[in-house]
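Working notes for the structure below.
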Amino acid sequence: MRKKRAKQIFRVVLLLGTAISLFFVPWLLVKAWILPLPDTIQEQLDQAIGHGFDGMIVYVDQAGKPPQYYAAGWHNRDSKIPAKPEALFKIASISKLYDAVAVTKLVADGRLSLDKTIADYLPELVGRIENADKITLRLMIQHRSGIPNFTDAPNFWADPTKSYEESLALILDKPANFEPGEDYEYCNTNYLLINKIMDDVLGYNNFQFIQEEILMPLNLNNTFGSLSEVDIEDLMSGYHEGYPYDLKENDHGMHATAEDVGNFVRALNDGSVFEPGEKEIYSSIYEFEHGGWVPGYQSFVEYHEDIDAVVVAFYSTTDPKLYNWNLSEIINNRIVKILRRQ
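Be aware that the sequence shown starts at 0, since it is given in numbering that gives the first Met the number 0, and climbs by one per residue.
Shown next, in the form of structure tokens:
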């Protein structure tokens, strides 16, 4: 009964938000922007907690300097366990970087083609996804397919789908949002299909391929494909404003430490994750940094070439209006300003 009631509460929170946040949060964004810049990154994290985040983790890998680890707030608010820089976190759409590297390696090996279409790889979807014969693997990777986004379905985050089939059903027979290649729209359905295509071509779950070809060579031992693979106590708790319960038991894909994410993105940018010729393929299809959002968890990883630094920032609080996303971006920019000033 408690879980059923919790789901009902979460649905109401996601649908309605609150009048209080609608009135006050924009001023918080202004305040966060204009406050004097702290002297240290740790002070900036502490300030972020004061803005309303329950917990935060930052990892910095700057060339010529030892790695820097920071944490503030709570690892688990209910148990009063302080935030831990080595905690696992739900990295959400940051996982698309790993998917894009996996596709790159399969393309380089001749097992996938960027110019083949949904009709070629998933013929059963012809007539169910508009333009299936025109949407190439390249267009899906680049979010230029025009396919509707399944996570935009009404009430999706209140009761998320649990399988490929359930997720796909939300967009089948829907009209395209635009003609393939003629616009850009961020779309999780693209990567739902890309993962299915990789599974079919490999003959096994593509995360095994990611482990063998990406994680193990880079010694990324704290990156996992699902919640079932982790010790729940190692996972940072996540909270959604207006919803009273910890969201860490919801499974939304990949989990990793900030350090592992930082090391992966360092390898992505310096090319060490690639075999000869692969970086050129990757550069033509996808980006070198990313953000991620699922209820309770916001994640960011950026590479700053001017200071040769990878910065990973995890925030364990989300909100219905996504003001916390904007607030996080302000804080991320301030962290980089502090790094540039040091």
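We put the beta carbon where it would ideally sit given N, CA and C, even for glycine. Bear in mind the structure is a predicted one, so any value in this text is a computation, not a measurement.
Worksheet item: With distances taken between CB atoms, is the gap from Phe155 to Ile170 smaller than 9 Å?
Response: Your numbering for residue 155 matches position 156 in the sequence shown. Your numbering for residue 170 matches position 171 in the sequence shown. Taking 9 Å as the Cβ cut-off, Phe155 and Ile170 do not qualify as a contacting pair.
Worksheet item: Which class does Ser92 belong to by DSSP, given the choice of helix, strand or coil?
Response: By one-based count along the sequence shown, residue 92 stands at place 93. Helix.
Item to complete: Tell me where the alpha helix (DSSP H) around Glu165 begins and ends.
Response: Indexing the sequence shown from 1 puts residue 165 at position 166. Tyr163 to Ala168 is the span of the alpha helix (DSSP H), which, as asked, contains Glu165.
Item to complete: Enumerate in chain order the residues of its own chain whose CB-to-CB distance from Ser144 is below 7 Å, with the five nearest sequence positions on each side excluded.
Response: Along the sequence shown, one-based indexing puts residue 144 at 145. Counting only Cβ-Cβ distances below 7 Å, and skipping sequence neighbours, we find Ile134, Leu138, Pro179, Cys186 and Asn189.
Worksheet item: Hey, how far is the Cα of Ser271 from the Cα of Gly109?
Response: Counting from one through the sequence shown, the residue named residue 271 turns up at place 272. Counting from one through the sequence shown, the residue named residue 109 turns up at place 110. Looking at the backbone, the Cα of Ser271 and that of Gly109 are separated by about 21 Å.
Fill in: Given 8 Å, three or more beta-carbon pairs between the stretch 254-269 and the stretch 211-218
Taking 8 Å as the limit for Cβ pairs, the verdict is that the stretch 211-218 does touch the stretch 254-269.
Worksheet item: In its own chain, which residues sit with a C-beta less than 8 Å from the C-beta of Ile337, not counting the 5 before and 5 after it?
Response: By 1-based counting over the sequence shown, the position of residue 337 is 338. Once the five neighbours on either side are set aside, the close Cβ partners of Ile337 are Leu36, Pro37, Asp38, Thr39, Ile40 and Gln43.
Discussion item. Taking the alpha-carbon of Ala168 as reference, which of Asp233, Thr256, Ala62 and Leu191 has the nearest alpha-carbon?
Written reply: As a working note, residue 168 is residue 169 in the sequence shown. The shortest Cα separation from Ala168 among Asp233, Thr256, Ala62 and Leu191 belongs to Leu191.
Discussion item. Restricting to Cα atoms, I'd like to know which of Met253, Tyr120 and Ile128 is closest to Ile172.
Written reply: The residue given as residue 172 occupies position 173 in the sequence shown. Note on identity: in this sequence residue 172 is Asp, with Ile being the wrong assignment. When each option's Cα is compared against that of Asp172, the closest is Ile128.
Worksheet item: In whole angstroms, what separates the C-alpha of Pro81 from that of Val57?
Response: By 1-based counting over the sequence shown, the position of residue 81 is 82. By 1-based counting over the sequence shown, the position of residue 57 is 58. In a straight line, the C-alpha of Pro81 is about 14 Å away from that of Val57.
Discussion item. Could you compute how far the alpha carbon of His74 sits from the alpha carbon of Gln210?
Written reply: Along the sequence shown, read from residue 1 onward, the residue named residue 74 stands at position 75. Along the sequence shown, read from residue 1 onward, the residue named residue 210 stands at position 211. Each residue's Cα considered, the two are about 27 Å apart.
Worksheet item: Taking the alpha-carbon positions, what's the Leu234 to His254 distance?
Response: In the sequence shown, counting from the first residue as 1, residue 234 sits at position 235. In the sequence shown, counting from the first residue as 1, residue 254 sits at position 255. When rounded, the separation of the alpha-carbon atoms in Leu234 and His254 is 8 Å.
Item to complete: Under 6 Å Cβ to Cβ from Tyr281, same chain only, skipping five residues before and after it: list those, please.
Response: The sequence position of residue 281 within the sequence shown is 282, counting from 1. Answer for Tyr281: Thr103, listed in chain order.
Worksheet item: For Phe313, which three-state DSSP category applies?
Response: Position 314 of the sequence shown, counted from the start, is the residue given in the question as residue 313. Strand.
Discussion item. Could you check whether Ala257 and Phe52 sit closer than 9 Å to each other, using their CB atoms as the reference points?
Written reply: Position 53 of the sequence shown, counting from 1, holds the residue named residue 52. Position 258 of the sequence shown, counting from 1, holds the residue named residue 257. Against a cut-off of 9 Å, the Cβ pair of Ala257 and Phe52 comes out as no contact.
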